[in-house]
Amino acid sequence: MHKIWMGFDIKTSPAPMLQPQKIEYWKPHQFKDTQPESPFHYKADALVGLSLIQLNQHLQNPFTSPQMNFSFAADSWKTLEPHHELYARSQPRISALRKHTKECPQPLVTSFERKWTEILDACQHSWGMDLQHLGYMLDAVDYLEESLKWPLLYNYSIQFSRPVLTQMHHLHSLLFNLRALMAMDYNAYVQDPTFESVKVDSISDYLAKCEYVANDALLYWKLKRTSSEMPAKTYEKLSQYFQEYSHNAVCLIESLPKSFLSGLPQDQMDDTLYLTQMDWLLGTDAGLLFRVREEIYGLMEGYHQIFWPELDGKTPMQSHQLSVNCLLTEKDAFPTVDAA
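As structure tokens, this is what we get:
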């Protein structure tokens, strides 16, 4: 039976919710005299380890731990990571939209990929990963947006090369599940779990109130279609209000091809605009990079600033180290139908 034993320490700094600084993979002698545990129910601990192994070539050595199987680690990650599956499922719809959108200039993509690779490589060490060095990625993404003269939000045109896209999937998986581990640690200390616990959400953590955005986008689209029926100054004023108070809705409509919007049945537009946001977030290269950037913002500025503002102002938790020691087996990664 294939299996992989992962052991690593998450170094943190004080904050209302602990802020990860480094992930240090165990040295071979640290596995001695210890017994691994089974992964958590949703495999957040295992996915952090599996993603780390995919990103860090130093850890792919078969002698890194008592039981290291790189090919099994790669296959397990693909099976266990739900975001990767959601990305794959949405590709037919994304491809259909891309046929009607202007392609992103390749030199800009190539330049960004070069910077991405340099920064990610600099984060990797023989001992593990320096998470704080990922902060340099924020400047690289900002420069990409400025060069495109269009935000990542609802951008369907960006397409990265397969190696870089794969790295983005692994990095998002690592950061998302690392934040989940921090949330679990925080929830272990709250007095009233019903009211004080925090949660991790794959959609609302990145795009809030998508249903309201869809409704506003529908109104903005109707405004654009009737612009010829009103004075120019009135239209400009109303458009300005949409820009100020419902920026995401404007960005959504302006990002979608007119042929796509015109072909939608009126009674299905609000639902379609909602689902289109889901497809962008979970199924496009820009949406993936957007999620990675949000997670890095959380690392740099504090999870309480980006994901859980209700924690802002609370007494910082005392810094402590989180250790993961889990054994992932074939049964964990590929449960049979009967076992499920």
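Start counting the sequence shown at 2; every next residue gets the next number (this note's numbering).
Glycine included, every Cβ here is placed at the ideal spot set by N, Cα and C.
Near the ligand FAD: residue i beta-carbon under 6 Å from a heavy atom
i, result
"H170", "Inclusion of the ligand FAD in the displayed structure is not the case, the ligand content being empty and no account of it being possible."
Bridge-paired residues (DSSP) for residue i
i, result
"L329", "I5"
"A47", "Beta-bridge pairing links A47 to no other residue."
"H126", "G129"
"Y26", "F9"
"L323", "I11"
"M318", "A16"
"E237", "Answer is none; E237 lacks a bridge partner."
"E38", "C327"
"P21", "T13"
Whether residue i touches residue j by CB criterion (7 Å)
i, j, result
"V49", "L179", "yes"
"R99", "D280", "no"
"S158", "E245", "no"
"S256", "H101", "no"
"F32", "S77", "no"
"S112", "H59", "no"
"S130", "I24", "The question names Ser, yet the displayed sequence has Met at residue 130. Closer than 7 Å, so yes."
"Q306", "C211", "no"
"S52", "S174", "yes"
"Y301", "G136", "For clarity, residue 301 is Met in the given sequence; the question names Tyr instead. Yes, the Cβ-Cβ distance between M301 and G136 is below 7 Å."
"Q68", "W27", "no"
"Q168", "N57", "no"
"D46", "C327", "yes"
"F71", "Q61", "yes"
"P310", "P15", "no"
"H170", "H85", "yes"
"H134", "A123", "yes"
"C252", "L139", "no"
With 16 other Cβ atoms within 10 Å as the buried cut-off, status of residue i
i, result
"I204", "exposed"
"V325", "buried"
"T342", "For the chain, the structure presents residues 2 to 341; residue 342 sits outside this window and is missing."
"E82", "buried"
"K44", "buried"
"A340", "Because A340 carries a pLDDT of 45, less than 50, the predicted location of this residue cannot be relied on, and no value is offered for it."
"V191", "exposed"
"Q36", "exposed"
"V338", "The predicted position of V338 is uncertain, since its pLDDT is 42 and thus under 50; no value can be drawn from it."
"M231", "exposed"
"G314", "exposed"
"A334", "buried"
"F291", "buried"
"F196", "exposed"
"Q267", "exposed"
"G264", "exposed"
"Q55", "buried"
"A181", "buried"
Cβ distance (whole Å) where residue i is taken to contact residue j below 8 Å
i, j, result
"M183", "P21", "7 Å"
"P63", "L329", "Not a contact, Cβ separation roughly 16 Å."
"W117", "V165", "6 Å"
"L145", "L109", "7 Å"
"V199", "N188", "7 Å"
"F243", "A250", "7 Å"
"L262", "L239", "With 8 Å as the limit, L262 and L239 do not qualify as a contact, their Cβ atoms being about 18 Å apart."
"E114", "S162", "6 Å"
"E331", "K79", "That belief does not hold up - the Cβ atoms of E331 and K79 are roughly 14 Å apart, past 8 Å."
C-beta neighbour in chain C for residue i, strict 7 Å
i, result
"L51", "The chain labelled as chain C is not found in the depicted structure, where only one protein chain is given."
Inset, instruction - Determine, using beta-carbon pairs with one atom in the segment 81-92 and one in the segment 276-285, whether at least three such pairs fall under 8 Å. - result: yes
Legend entry - Inter-stretch contact at 8 Å, needing at least 3 Cβ pairs: the segment 203-217 / the segment 292-310: yes
Inset, instruction - Give a yes or no on contact between the segment 313-332 and the segment 215-225, applying the rule of three or more CB pairs nearer than 8 Å. - result: no
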